[in-house]
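Chains E and F supply the protein sequences, listed in that same order. The opening position of the first sequence corresponds to residue 1 in the numbering used here, with each subsequent residue numbered one higher. The opening position of the second sequence corresponds to residue 1001 in the numbering used here, with each subsequent residue numbered one higher. Glycine included, every Cβ here is placed at the ideal spot set by N, Cα and C. Worksheet for the structure shown next.
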Amino acid sequence: MNIHINGQAFTIEHEASINVTAALKLHFITAQQSTFAVALNGDFVSKADYDTTRVHNGDSLDVLLPIQGG
Amino acid sequence: MSLTIYGEQLSSRLLIGSALYPSPQVMKQAILASESQVVTLSLKRQNPNEQAGQQIWQYLQEIVKQTKGYLLPNTAGCKTAKEAVTLAKMSREIFQTDWLKLEVIGDDYNLQPDPIELLNATEQLIAEGFKVLPYCTDDLVLCQRLYDLGCQVIMPWASPIGTGKGLMNPYNLETIRLRLPEATLILDAGIGKPSDACLAMEMGYDGVLLNSAVALADNPVMMAKAFAQALKAGEQGYVAGVMEQRQTAHPSTPTLDTPFWHQN
């Protein structure tokens, strides 16, 4: 299956879906890094739900971090 | 005299942004010089392993600790209520605050807020427990609707973001103040000069939120100090009670028995 993380394409072989925790590892992100938050296809996924939320073919994850803002 | 935002007492009436400074060091110095206890920030796509974003985040945490202040995440870049609600929830998880500077932009040319999406987002976010500080145009009815939805703080623009044009429509802003006496009104966006901030405070506004005016100054730290003083001057002017304008001249020096005085 193919997914996107922050616009970058990833291909995962032999899986119909993976959980958010596994998807983040593709981007070298572990849940222990506290200063980020995740949206799946535009919907917020809380940290508590990373293990139970499934990412399917065609899905997009956004991983956001703090930046300066006005 | 302090500013109250959703029950929190703040010693400064200035809210300040963290973007566009020449360096993180100057950002920190300028924010501290401004005496502000509320710093705005945002979220964007990044990999947590990249160091640049982490450095800014560390600086902002230091500032908040040093000022005993508050972070005010914004929803910059959102164009729909759905996007803003998602971003708000992501911000709350990261920053552990219910405060939210709600921005929902309806036009890319002047970054004008979309009033319909703004109201939709506000309603949803208040239902989710957020304490919403909506960035909006200087439309009285829109401000009234936001207040009716439960926003204790309303933030009409002075002029479009980043223009530095100051108060485009003083009449509109004065009318909002007059008609919403119980709302906490913070003038947000378009401030260019310390005198703009002073004018807002003289109108009875409760505070000012700005970023570019300090960050893009030749000397951001000095400009931050100037804004701190301007807000205090404007507030004291408002509290002291500005004299009424008069149509004709009145001598301030008594004329009776002045040298060469003539009775006409």
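- According to the DSSP assignment, residue 1104 of chain F belongs to no alpha helix (DSSP H), since it is labelled neither H nor E.
- DSSP places residue 1134 of chain F inside the beta strand (DSSP E), whose first and last residues are 1131 to 1136.
- According to the DSSP assignment, residue 1232 of chain F belongs to the alpha helix (DSSP H) that extends over 1220 to 1240.
- Nearest to residue 1214 of chain F by C-alpha distance, out of F/1029, F/1010 and F/1103, is F/1029.
- In the DSSP assignment, residue 2 of chain E falls within the beta strand (DSSP E) that extends over 2 to 5.
- The continuous stretches of alpha helix (DSSP H) do not include residue 1008 of chain F, which lies in the beta strand (DSSP E) extending over residues 1008 to 1010.
- If you draw a 10 Å sphere on the C-beta of residue 1247 of chain F, you find fewer than 16 other C-beta atoms in it, and that means exposed.
- Contact annotation: residue 1077 of chain F and residue 1039 of chain F have beta-carbon atoms that are not nearer than 8 Å.
- Here residue 1261 of chain F is exposed, its C-beta having fewer than 16 other C-beta atoms within 10 Å.
- Between the alpha carbons of residue 1014 of chain F and residue 41 of chain E lies a distance of about 37 Å.
- Within the stretch 1175 to 1218 of chain F, the complete alpha helix (DSSP H) segments at least 4 residues long are 1194 to 1202 and 1212 to 1215, listed from N- to C-terminus.
- Straight across, the Cα-Cα distance linking residue 1157 of chain F with residue 6 of chain E is about 32 Å.
- Annotation: residue 1177 of chain F to residue 1054 of chain F spans about 40 Å, alpha carbon to alpha carbon.
- In the pairwise beta carbon analysis, the stretch 1198 to 1209 of chain F is classified as touching the stretch 1009 to 1023 of chain F: at least three pairs are separated by under 8 Å.
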